[in-house]
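Here the structure comes first, spelled out in structure tokens, and everything after it is commentary.
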Amino acid sequence: MASAVADCPDITLVGEAGSAAAALAAVDRYRPTVVSTGLLLPDGDGLALAARLRQRVPDLGVVLLSAVAEDGVLYRALDAGLSAYLSKSADTGAVIAAIRHAATAPHAFTSPALPVALRARREHTGLLSQREHEVLRLMRDGTSLPSIAGRLGVRESTVKTYVGRIYEKLKVNNRAQALMAALNHGLLAVDAEAA
47 MASAVADCPD ITLVGEAGSA AAALAAVDRY RPTVVSTGLL LPDGDGLALA
97 ARLRQRVPDL GVVLLSAVAE DGVLYRALDA GLSAYLSKSA DTGAVIAAIR
147 HAATAPHAFT SPALPVALRA RREHTGLLSQ REHEVLRLMR DGTSLPSIAG
197 RLGVRESTVK TYVGRIYEKL KVNNRAQALM AALNHGLLAV DAEAA
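Residue numbers for the sequence shown follow my numbering, beginning at 47 and rising by one.
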């Protein structure tokens, strides 16, 4: 990051941190306008860190730089209220633009990958029926099939039929694969309670 902003007179690097704990301390100490973080940190998750930072400083701009280039990560960043999401392989100009965006519009999300991801999300939105979405959300929450049946007021065999349809539509073979596919296609948000 230091090399990316070194030649920018309007951006001053006030601190660096190698962990979520160090980042929290640095934000308290330096009160920056923007923080950039990676997705995977030695002591936590960059998205969880971003949420904690935003609780402390609501107007803080947060830029996520990730080596993981999946739509699911982009959707999680969008849902978490980050300012920008970029691949770590993004060129310096894109990183600088994201930092400037986060400084001036911390609550508005931007990402070069956003148009493609939203197009893919729209294509998959109608993939599952409303009832299949309900079943999928309950599966995400760890609810057993008999419990899902009880909550929905249907037989367990009916729930199994819904689950089979979900697997077929998402082209997967089990619950874990279904949940990952749903996250990656933007069909399922990661709720704070479920994370």
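For every residue, glycine included, the Cβ atom is placed at its ideal position computed from N, Cα and C.
For secondary structure counted as the beta strand (DSSP E) over 3 or more consecutive residues, the segment 58–96 holds these complete runs in sequence order: 80–84.
Contact annotation, Ser-133 with Pro-152: C-beta distance approximately 21 Å; criterion of less than 8 Å not satisfied. Under the 8 Å Cβ criterion, the segment 207–219 counts as touching the segment 171–185, having at least three qualifying pairs.
Annotation for Gly-196: the continuous alpha helix (DSSP H) segment containing it runs 191–198.
Residue ranges of uninterrupted beta strand (DSSP E) with 3 or more members, entirely inside the segment 95–121 and ordered along the chain, are 107–112. If you compare the alpha carbons of Asp-89, Val-51, Pro-55 with that of Val-81, the shortest gap goes to Val-51.
Contact annotation, Gly-118 with Leu-198: C-beta distance approximately 26 Å; criterion of less than 8 Å not satisfied. Within the DSSP bridge table, the entry for Tyr-131 names Leu-110 as partners. For the pair of segments examined, the segment 90–100 was found not to touch the segment 131–149: the number of CB pairs separated by less than 8 Å stays below three.
In its chain, beyond the 5 residues on either side, Phe-155 have a beta carbon closer than 6 Å to the beta carbon of Leu-124.
In this structure Ser-157 touches Leu-120 by the C-beta definition: roughly 6 Å separates them, less than 8 Å. Spatial neighbours of Tyr-76 in its own chain (CB-CB distance under 6 Å, excluding positions within 5 residues in sequence) are listed in chain order as Val-60, Gly-61.
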